[in-house]
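Engineer: Quick note: the sequence shown uses my numbering, first residue 3, plus one each step.
First the structure, then my questions, so here it is.
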Amino acid sequence: MRTMFGRCSPAFLCFWPIVVTFSFWQTLLVCWYLPFLAATGFTWLRVAGFLYARKMRKSLSHFQPRHEGVVNATSLRTLQTNIRTDQTSSSQLLQFAISTLFPASVRRQLTDEYTPNHRTLFKRVSIEFDVDQRNEREFLAVSFPHKGTLQDDMVLRDAQGQRLSALSYREYRVLAAKTLRLLLNAAYGTRRLPPAALHAEALALKEIVRFERYERHASETSSTKVLNALRALRLPYRNPAGPVYLGMAIDLVNKLSERYVVVVAVPVTGKRVLVHFERTEIPSFHREKGRVKSLFRMMVGSRPVQLNVSARNAVTCRSYHLYVRAPDYLYLGEVDTKPIEALISTWRQAGRDAFIRVRPRRGQSYFHLYGRLLKTSETKNMGATVKFFEVPPGSIGKSAIAAVAACLVVLAVGAVVTWAPTVADVDTQIVAFLLAVPGIAAAWLGLESRQGALFDGSLTARLSLLATFLISLGASTLMLLMHSGILRMNPKHVLVLLEADLAWTILALVSVAHAVYVCCVWWHRARYYRMLMTKPGDNSASMLSD
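Here is the structure:
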């Protein structure tokens, strides 16, 4: 048979079935020659090439990149249909846009309250909104989480504590789409948009209803292209307020492309509406300087008492309160608000009236920060670091008592063993009981923990209990070795702490040093707590005296 390349030889016609039986790379070479072979006119080659290509597409389909956030045309048409059937008024849409883009203008006061659980933080947020009394209900944005994040145990409540329902995903999409159309109509001054605006609106809706965030570079994301398309719209000159509404539409698309809004519909009964929402958060602990210390803290079960809390909601309201409530057996020891204070110092130099107030440390078990007019786009450093200490005696007091008991028992047993005629004359049962009591007490106190407590036990107390247990175990082992005759006592010509034997002397010195150190730490912390309690302040509550 002749082709445009000439007559095909029999060896060339046999080339295809031979190479198929070879290695994978030769098979790829055959696939490259497949269009040329199909052009020869052989029907069986065309069929074979079609079947092979179909098989390869099926086998490689799972390697093709997919993105769950892609919105198809069917869902977009459904959204546009729901927009036409929705009965939300323009004033309600405008209130939603303002609460989303300018939350500080409608949020009169916001309170963040953190309460520690066993491993998590229970967060309660209270928001007081200014609403329009002309509407029967308002759509208010209460939270702006990033797309792809989960809100654990989130519950919405009103001022009376009754549960509220957030808008479903379908209702939220319709509300966002109608708000975007309202802003575009206001920008053009007409209800009929030009084709360019309709095309940009369709692209913007795809970005708003997308589920996930893109992980690519910002210049390559479709959201950037959509924003550029909106910025390129030409508005009529007869509408002077058009650029303002177009800017609001651009900001709305920019915000809703990266975040989704938790919206609640509340009935309007006055000028203000109070909304609460609760959720569970995983706390961000202060990272230890040394990895070994952090690992050892985890091994001995000492939960950290230093916590970093976010105050980013302060920029979304006019008046802000932040509470961190610890259990009653802890008191506020140290506070670090330097990042916020640095921002406020910069604002005051620029003539702004922003300020914060922190409740002084008086031995209370909570932290309270108040801020006002904290409006900024730099929310990365908006936070506070708080550190709580145990109220004396606490775990350090228990460990000090155990250390003193172990020290006295070791000194007493060592003196008896030293001054007894022989080791066999010592009652080993009583000695074993006395030496075991501090070790058992240390083990019990070390394993004891408070249920439901995020902060429990300092590292010094846990190490002290471990040292007490080891000292008690060492004394028991030393007594066993002497009683069995493996170790013999030294002559009584040198006495240290009533001990003449070298091994007992070393053990007694270690126990005394350990007990003295732990008692000093206990005394220092009790003195620090008393200093905070007796520090002069402006509290009007009745004073307690001891």
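Yeah, the Cβ is synthetic: ideal placement off N, Cα and C, and Gly gets one too.
Specify, as a first and last residue, the run of the alpha helix (DSSP H) that A204 falls within.
Structural biologist: Per DSSP, A204 belongs to the alpha helix (DSSP H) from P197 to I210.
Engineer: Going by the CB atoms, is the gap between V277 and A386 shorter than 8 Å?
Structural biologist: Not a contact, by the Cβ cut-off of 8 Å.
Engineer: Starting from the C-beta of G399, find all residues in its chain whose C-beta is less than 6 Å away, skip the five residues before and the five after it, and write them out in chain order.
Structural biologist: Here the set comprises W524.
Engineer: What residue range does the beta strand (DSSP E) around I358 cover?
Structural biologist: F357 to V360 is the span of the beta strand (DSSP E), which, as asked, contains I358.
Engineer: Counting only the same chain and skipping the five closest in sequence on each side, list residues whose C-beta sits under 6 Å from that of S259.
Structural biologist: Here the set comprises E209 and S225.
Engineer: Among L103, S466 and F471, which has the Cα closest to the Cα of G249?
Structural biologist: Of L103, S466 and F471, the residue nearest in Cα terms is L103.
Engineer: If we ignore side chains and look at the alpha-carbon of each, how far apart do H317 and L177 end up?
Structural biologist: The residue you asked about is not His; residue 317 is Val in the sequence shown. C-alpha separation (whole angstroms): 25 Å.
Engineer: Between A528 and V211, what straight-line distance do the alpha-carbon atoms span, to the nearest angstrom?
Structural biologist: Going by the C-alpha atoms only, they are around 57 Å apart.
Engineer: For A438 and V514, I'd like the C-alpha separation in whole angstroms.
Structural biologist: Computed Cα separation, rounded: 18 Å.
Engineer: So, at 8 Å on beta carbons, what are the nonlocal neighbours of M535 in its own chain, with the 5 sequence-adjacent residues on each side left out?
Structural biologist: So the list reads R364 and G365, once near-sequence residues are dropped.
Engineer: In this structure, does DSSP put M156 in helix, strand or coil?
Structural biologist: Correct three-state label for M156: strand.
Engineer: Given a cut-off of 8 Å on the beta-carbon distance, is the pair F98 and T192 in contact?
Structural biologist: No; because the gap between Cβ atoms is not below 8 Å, this pair is not in contact.
Engineer: Count the other CB atoms within 10 Å of the CB of T470; is the residue buried (16 or more) or exposed (fewer)?
Structural biologist: When all chains shown are included, T470 counts as buried.
Engineer: CA-CA distance, L36 and A204?
Structural biologist: Its pLDDT being 46, under 50, L36 is placed unreliably in this model, and the coordinates cannot settle the point.
Engineer: Taking the alpha carbon of Q569 as the point to measure from, which residue in P245, R121 and R281 has its own alpha carbon closest?
Structural biologist: Since the first residue of the chain shown is 3 and the last is 548, residue 569 is not available in this structure.
Engineer: By alpha-carbon positions, which one of V266, A198 and L332 ends up nearest to R165?
Structural biologist: For the residues V266, A198 and L332, the minimum Cα distance to R165 belongs to V266.
Engineer: Looking only at its chain, what residues have a beta carbon closer than 6 Å to the beta carbon of H516, apart from the 5 residues adjacent to it on each side?
Structural biologist: The residues are A405 and A469.
Engineer: Where does V72 fall in DSSP's three states?
Structural biologist: Low per-residue confidence applies at V72: pLDDT is 43, beneath 50, and the placement is therefore not dependable, though the value from the model is reported in the following sentence. Reduced to three states, the DSSP call for V72 is coil.
Engineer: Could you tell me the boundaries of the beta strand (DSSP E) in which E392 lies?
Structural biologist: Segment G385 to E392, the beta strand (DSSP E) holding E392.
Engineer: Expressed to the nearest angstrom, what Euclidean distance is found between the alpha-carbon atoms of V200 and V246?
Structural biologist: A small correction: the amino acid at residue 200 is Leu; Val does not occupy that position in the sequence shown. Cα to Cα, the separation comes out at about 19 Å.
Engineer: Please say whether V255 and L237 have beta carbons closer to each other than 8 Å?
Structural biologist: Contact: no.
Engineer: Alpha carbons only, please: which of D134, P118, D114 and N119 is nearest the one belonging to S107?
Structural biologist: Minimum Cα distance to S107 is reached at D134.
Engineer: Spell out the partners DSSP gives G373 in its beta bridges.
Structural biologist: The partner list for G373 (beta bridge, DSSP) reads Y322 and I358.
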